[in-house]
Amino acid sequence: GQTVRLADYRRTDFVLRGVDMTLKLFEGRTEVLTRLSLERRPGAPANAALELDGDELILESIAVDGAILEPGRYDATPESLSVTGLPETGPFELAIETRIAPEDNTKLMGLYRSNGIWCTQCEAEGFRRITYFLDRPDVLAPYRVRIEADRAAAPVLLSNGNPVESGDLGDGRHFAVWDDPFNKPSYLFAVVAGDLDALRDTFLTMSGRTVELGIYTEKGRARQAAYAMDALKRSMAWDERRFGREYDLDVFNVVAIADFNMGAMENKGLNVFNHKYVLLDPDIATDADYAGVETVIAHEYFHNWTGNRITCRDWFQLCLKEGLTVYRDQEFSADERERTVQRIGSVRRLKAHQFPEDQGPLQHPVRPGEYREINNFYTATVYDKGAEVVRMIATLLGEADFRKGMDLYFERHDGEAATIEDFVACFEQAGAVDLSQFALWYAQAGTPTLTVTEAWDPQERRHTVRLRQSLAPGAARTGTEPMVLPIRFGLVGGNGEERRAEGRVAGGARLDGDLIVLDGREATVTFAGLSDRPYLSVLRDFSAPVTLEHDQAEADRLALARLDRNLFNRWRALDDLLSGGLTRAARRPLGDTAPSLDGAVVDALLASAGDEELDPAFRGQVLTLPGEAEIARQLGEGVDPDRVHAVVEDARAVIGRKGLSTFARLAAAEGSDVPFTPDAASAGRRALANAALAYLAAARNDPAEVAARYRSAGNMTDRIAALAILGHRFPQSDASEEALADFYRRYETDELVLDKWFALQATAPFHDALAAVERLAGHPRFTMRNPNRVRALVGSFAASNQVAFHRPDGAGYRFVAEKLVALDRINPQIAARIATTFRAWRSFEAGRRAKLEETLRQIAETKGLSKDLGDIVDRSLK
Ligand code: DPP
Ligand code: ZN
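Residues 7 to 884 (UniProt numbering) are what the sequence shown spells out, left to right.
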């Protein structure tokens with residue numbers, strides 16, 4: 007594959023004014039007629055050919071202004087269509103007929119069928135699988151789309167924009183015409199046709215317009231879209247309140263689809279969703295599923311302004327819409343739920359997904375400079391670090407100026423395909439600041455390290471804080487210049503009070519209230535006039551996405567874990583103590599029986615968990631130990647996953663035994679008699695109770711009480727929590743086997759719940775789990791055709807089963823590699839995504855490292871590998 011570079015960007019030679027399409031859907035084939043209103047761009051070469059993109063297309067006919075073209079005037083391959091001799095000036099119409107087979111489309115890009123439903127996925131480059139086109143985000147046009155289909159097979163016909171016409175065609179066929187007046191790029195095109203149910207509602211916008219809302223599902227499941235509808239209306243209201251953004255069309259439709267590569271897609275006025283992010287009820291969905299639906303509904307809706315009304319000039323600018331929209335959906339969840347708990351969740355995710363990416367061979371800047379396959383850049387770096395960069399702009403500017411900058415962005419670039427430079431310039435103007443150094447966050451890859459040291463001077467009653475930043479060179483070979491780090495902090499007194507102290511800065515930083523902005527390599531801040539030594543609470547709310555190395559005494563951390571008014575940092579004090587203890591323990595030689603955690607740390611954890619003054623969701627977070635992969639990341643090299651697992655398990659048992667009475671009380675607090683409501687507070691209580699149950703099981707090692715809990719569960723959250731404890735702690739026990747069989751019988755008709763059943767077994771932390779996974783790969787309900795199912799079995803095995811995937815004999819690696827090579831022929835995008843689990847190969851002990859490398863090389867040498875998978879394995883090996 008060829009490398010595409012940001013530096014090579016240039017505009018098209020032709021301007022697109024409008025698109026008129028007719029799609030005739032038949033069983034086994036679809037005919038697509040596309041009429042493009044085009045004009046040579048003023049200043050473009052008079053003899054330049056029109057070069058259109060295609061992908062596996064067959065050209066049926068081509069005409070200019072109604073005249074069929076002679077073969078000499080064009081050159082068509084499945085991947086391109088080049089047309090010469092086009093008018094030097096003035097508008098002309100190019101009509102193209104293609105024929106496609108959605109039934110054979112297993113890549114799920116372009117037009118395909120899912121359970122009989124015709125649907126599309128065009129981002130990033132799927133539209134070229136429907137028709138030849140200038141398939142790039144800076145080519146914007148209004149679209150008019152006519153769909154024709156058999157009425158019985160597809161009574162529902164949907165596309166972007168507003169419905170304008172529909173009617174009968176005879177012979178059992180009918181049609182509908184949709185008109186989207188807003189200029190949009192082709193990646194936002196969508197068509198859906200099928201026999202669907204709908205849940206309907208309306209939304210009254212801030213200017214008093216009524217929008218018709220529809221959520222379409224497979225037959226009989228529309229009532230399971232009620233929560234998604236509620237989340238949609240709350241999202242629409244929030245965007246008006248918080249950003250002044252009103253919805254712009256008369257209708258907004260969402261369609262839930264079973265086979266979908268992504269979570270969802272923000273097509274203009276017609277969002278297409280993986281049904282996992284729409285369909286819910288308490289019996290089939292967990293609290294995490296509810297939160298996921300709320301987040302994804304909000305995210306895709308918010309794209310209407312950040313992504314659709316203002317789109318990206320090219321795919322290098324992907325974070326312009328994704329980072330910003332993740333920031334917006336995180337803010338929405340923080341406002342709708344509990345801010346600190348949401349922030350803890352976002353930071354956990356950032357550290358679990360983005361930090362390893364940024365610290366390994368797949369490293370790339372938030373705005374990449376080159377790619378071979380754009381599908382491989384829908385990454386945690388673009389999304390989550392991209393959101394952190396927006397959050398830092400908000401922190402640096404303050405709420406009022408940040409909002410001014412957003413308003414300016416919407417006003418100045420509405421209807422355009424914009425760049426990061428455009429975006430940043432709005433905040434420079436709104437805040438009257440120079441953000442040129444800050445913009446390095448978009449260009450330099452890697453996680454900066456922030457090193458903090460403290461010195462208390464008892465004579466002078468001064469506390470000196472020294473800050474240093476550094477950035478290690480990484481795989482992306484971008485710069486290592488100092489960045490702008492907004493560091494929120496507080497000085498905490500012995501009773502938890504916030505100390506006010508005059509601070510003096512020396513070196514590369516400035517002080518602005520509770521914010522230190524470090525823009526040099528180092529600085530010191532000296533706080534004077536203190537009566538006694540304060541505890542330094544630094545990087546509050548994780549105000550910059552850095553690795554913090556704060557050489558802080560354990561006693562100080564324990565104090566902050568108890569006292570800090572910033573609850574995020576209270577959590578982080580404990581989390582640092584836990585991961586510090588666990589990493590140290592994992593470094594000790596096998597057979598060393600010293601406890602993983604200090605008694606004082608365990609006591610602090612139990613004190614927080616049992617503190618009734620604190621939000622139960624927060625206490626649930628406190629009880630969630632750092633994951634094994636996170637410990638492995640912090641170890642950095644020579645990782646033995648079995649050792650890491652043993653250390654974490656030991657810690658869990660120690661905590662469980664010491665907190666037995668607390669956990670018994672907490673686990674009993676949420677019995678099956680509590681009716682289910684999906685709100686955040688109730689979810690928090692369930693999270694706390696289920697965390698407590700897991701510790702009880704670790705301490706008592708008795709499956710009976712967990713099995714009882716499984717049987718009496720009144721909702722999926724509690725049921726799957728109990729099942730996970732049985733399956734992961736008591737594998738192959740009668741209790742576990744019975745519960746797994748029961749779960750299967752209960753839910754075998756529900757694909758989404760079956761995914762949970764597959765994933766739960768795939769993540770059981772035992773070497774023998776591989777045998778179960780191999781068996782499940784042959785289960786009649788396993789299929790490579792459904793991305794959710796593949797992710798549930800193969801994806802979660804590779805990503806979330808540190809013990810079995812990393813079996814010392816390499817059998818886990820071989821299993822995954824074999825599946826990936828087979829999957830690559832069906833759906834390369836999903837294969838490439840799962841393959842990223844190999845990227846950390848260099849961090850393992852010698853035996854596993856060699857086997858991982860060998861497996862990667864074998865995949866790389868496979869004949870006919872897709873560009874997607876080839877790109878990931880090649881870069882991983884570099
Ligand atoms: N649909 C994906 C998202 O919303 C890609 N745009 O992030
Ligand atoms: Zn998005």
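Every residue, glycine too, gets a C-beta built ideally from N, C-alpha and C.
- Message: Threshold first: 4 residues or longer. Then list the alpha helix (DSSP H) segments lying entirely within the stretch 652-683, N to C.
- Response: 666-675
- Message: Is the beta carbon of Phe20 closer than 9 angstroms to that of Leu140?
- Response: Position 134 of the sequence shown, counted from the first residue, corresponds to residue 140. Position 14 of the sequence shown, counted from the first residue, corresponds to residue 20. Yes, the Cβ-Cβ distance between Leu140 and Phe20 is below 9 angstroms.
- Task: Quick one: using the 10 Å Cβ neighbour count with 16 as the cut-off for buried, is Asn381 buried or exposed?
- Result: Position 375 of the sequence shown, counting from 1, holds the residue named residue 381. Asn381 is buried by the Cβ-count criterion.
- Message: Measuring only the C-alpha atoms, how far is His469 from Gly499?
- Response: Counting from 1 along the sequence shown, the entry for residue 469 is found at position 463. Counting from 1 along the sequence shown, the entry for residue 499 is found at position 493. Approximately 13 angstroms, taken between the alpha carbons.
- Message: Going by C-alpha to C-alpha distance, which of Arg378, Gly526, Ala237 and Gln323 sits closest to Thr425?
- Response: Counted from its first residue, the sequence shown places residue 425 at position 419. Ranking the options by Cα distance to Thr425, first place goes to Gln323.
- Would you call Asp81 buried or exposed, if buried means 16 or more other Cβ atoms sit within 10 Å of its Cβ? In the sequence shown, counting from the first residue as 1, residue 81 sits at position 75. Counting Cβ neighbours within 10 Å, Asp81 comes out exposed, since fewer than 16 surround it.
- Task: Kindly give me the distance between the Cβ atoms of Leu473 and Leu456, rounded to whole angstroms, as I take these residues to be in contact under 8 angstroms.
- Result: For the purposes of this step, residue 473 is identified with residue 467 of the sequence shown, where counting begins at 1. For the purposes of this step, residue 456 is identified with residue 450 of the sequence shown, where counting begins at 1. Correct: roughly 7 angstroms between the Cβ atoms.
- In angstroms with no decimal places, state the Cα-to-Cα distance between Ala687 and Phe736. Taking the first residue of the sequence shown as position 1, residue 687 is located at position 681. Taking the first residue of the sequence shown as position 1, residue 736 is located at position 730. Roughly 31 angstroms between the two C-alpha positions.
- Message: Taking the beta strand (DSSP E) that Arg510 belongs to, which residues open and close that run?
- Response: Counted from its first residue, the sequence shown places residue 510 at position 504. Glu508 to Asp518 is the extent of the beta strand (DSSP E) around Arg510.
- Task: Can you give me the start and stop residues for the beta strand (DSSP E) that Trp184 sits inside?
- Result: Position 178 of the sequence shown, counting from 1, holds the residue named residue 184. From DSSP, the beta strand (DSSP E) with Trp184 extends over Arg179 to Lys190.
- Message: I'd like to know if the stretch 180-199 and the stretch 145-157 are in contact, where contact means that at least 3 CB-CB pairs between them fall below 8 angstroms.
- Response: yes
- Item | Assumed close pair Gln365, Thr453 - CB separation to whole angstroms, cut-off 8 angstroms | Looking up residue 365 in the sequence shown gives position 359. Looking up residue 453 in the sequence shown gives position 447. Between Thr453 and Gln365 the Cβ distance is about 6 angstroms, and since that is below 8 angstroms, they are a contact.
- Item | Rounded distance between the beta-carbons of Glu57 and Gly96, thought under 8 angstroms | Position 90 of the sequence shown holds residue 96. Position 51 of the sequence shown holds residue 57. With 8 angstroms as the limit, Gly96 and Glu57 do not qualify as a contact, their Cβ atoms being about 20 angstroms apart.
- Item | Closest Cα partner of residue 888 within the set Ala606, Asp740, Glu636 and Ile726 | Limits of the chain in this structure are 7 at one end and 884 at the other, which puts residue 888 out of reach.
- Item | CA-to-CA distance, Pro367 to Ala866, given in whole angstroms | In the sequence shown, the residue the question calls residue 866 occupies position 860. In the sequence shown, the residue the question calls residue 367 occupies position 361. Their backbone Cα atoms lie some 15 angstroms apart in a straight line.
- Is it the case that the Cβ atoms of Leu255 and Met235 are separated by a distance below 9 angstroms? Translated into the one-based positions of the sequence shown, residue 255 becomes position 249. Translated into the one-based positions of the sequence shown, residue 235 becomes position 229. It is not a contact, given that the beta carbons lie outside the stated cut-off.
- Give me the Cα-Cα distance between Ala817 and Leu776, rounded to the nearest whole angstrom. Locating residue 817 in the sequence shown gives position 811, counting from the first residue. Locating residue 776 in the sequence shown gives position 770, counting from the first residue. Ala817 and Leu776: Cα-Cα distance of roughly 8 angstroms.
- Say whether the stretch 714-727 touches the stretch 644-653, bearing in mind that this needs 3 or more beta-carbon pairs closer than 8 angstroms, one atom from each stretch. no
- Task: Pick out whichever of Asp748, Glu99 and Ala50 has its Cα sitting closest to the Cα of Gly72.
- Result: Taking the sequence shown and counting its residues from 1, one reaches residue 72 at position 66. With distances taken between Cα atoms, Gly72 lies closest to Glu99.
- Please confirm whether any heavy atom of ligand 2 lies closer than 8 angstroms to the CB of Glu45. Residue numbering aside, residue 45 sits at position 39 when the sequence shown is read from its first letter. It does not: the Cβ of Glu45 is nowhere closer than 8 angstroms to a heavy atom of ligand 2.
- According to the Cβ coordinates, are Pro143 and Trp311 closer than 9 angstroms? Translated into positions along the sequence shown, residue 143 becomes position 137. Translated into positions along the sequence shown, residue 311 becomes position 305. In this structure, Trp311 does not lie closer than 9 angstroms to Pro143 by Cβ.
- Name the residue from Gly677, Ala745 and Asp679 whose alpha carbon lies nearest to the alpha carbon of Pro709. Here the question's residue 709 lines up with position 703 in the sequence shown. Nearest C-alpha to Pro709: Ala745.
- Message: Restricting to Cα atoms, I'd like to know which of Asp174, Thr211, Val197 and Asn166 is closest to Lys190.
- Response: Reading the sequence shown from its first residue, position 184 is the one you call residue 190. It is Asn166.
- In chain order, what residues of the same chain lie with their CB nearer than 8 angstroms to the CB of Val552, ignoring the 5 residues before and after it? By 1-based counting over the sequence shown, the position of residue 552 is 546. These residues qualify, in order along the chain: Thr453, Pro454, Thr455, Leu456, Gln475, Leu491 and Leu545.
- Task: Quick one: using the 10 Å Cβ neighbour count with 16 as the cut-off for buried, is Pro540 buried or exposed?
- Result: What you label residue 540 is simply residue 534 of the sequence shown in a count that begins at 1. Pro540 is buried by the Cβ-count criterion.
- Message: What does the alpha-carbon distance come out to for the pair Gly411 and Ile399?
- Response: Counted from its first residue, the sequence shown places residue 411 at position 405. Counted from its first residue, the sequence shown places residue 399 at position 393. Their Cα atoms are separated by approximately 10 angstroms.
- Task: Please work out which residues of its chain come closer than 6 angstroms, Cβ to Cβ, to Glu460, disregarding the five sequence neighbours upstream and downstream, and give them in chain order.
- Result: Within the sequence shown, numbered from 1, the residue matching residue 460 stands at position 454. Closer than 6 angstroms at Cβ, skipping near neighbours: Val471 and Leu542.
- Indicate whether Phe749 and Val809 have their beta-carbon atoms separated by less than 9 angstroms. By 1-based counting over the sequence shown, the position of residue 749 is 743. By 1-based counting over the sequence shown, the position of residue 809 is 803. Cβ atoms of Phe749 and Val809: not closer than 9 angstroms.
- Task: Give the secondary structure of Trp577 by DSSP, where H, G and I count as helix, E and B as strand, and everything else as coil.
- Result: In the sequence shown, the residue the question calls residue 577 occupies position 571. Residue state, collapsed to three classes: helix.
- Message: Between which two residues does the alpha helix (DSSP H) holding Ala777 run?
- Response: As a first step, residue 777 must be located in the sequence shown, where it is residue number 771. Where Ala777 is concerned, the enclosing alpha helix (DSSP H) stretches over Ala775 to Ala783.
- Message: With the cut-off set at 9 angstroms, would you say Asp874 and Glu379 are in Cβ contact?
- Response: Numbered from 1 along the sequence shown, position 868 holds the residue referred to as residue 874. Numbered from 1 along the sequence shown, position 373 holds the residue referred to as residue 379. Yes. Within cutoff.
- Query: For Gly200 versus Trp124, is the C-beta distance shorter than 9 angstroms?
  - Reply: Along the sequence shown, read from residue 1 onward, the residue named residue 200 stands at position 194. Along the sequence shown, read from residue 1 onward, the residue named residue 124 stands at position 118. Cβ distance < 9 angstroms, so Gly200 and Trp124 count as in contact.
- Query: Which same chain residues, not among the five before or five after Trp244, have their C-beta less than 7 angstroms away from its C-beta?
  - Reply: If you number the sequence shown from 1, residue 244 lands on position 238. Counting only Cβ-Cβ distances below 7 angstroms, and skipping sequence neighbours, we find Phe338 and Asp341.
- Message: One question on the structure: do Arg355 and Leu12 come within less than 9 angstroms of each other, judged by their Cβ atoms?
- Response: As a first step, residue 355 is located in the sequence shown; it is residue number 349 there, counting from the start. As a first step, residue 12 is located in the sequence shown; it is residue number 6 there, counting from the start. In this structure, Leu12 does not lie closer than 9 angstroms to Arg355 by Cβ.
- Please find out if some non-hydrogen atom of ligand 2 comes closer than 8 angstroms to the beta-carbon of Lys327. For the purposes of this step, residue 327 is taken as the residue at position 321 of the sequence shown. Checking every heavy atom of ligand 2 against the Cβ of Lys327, one is found closer than 8 angstroms.
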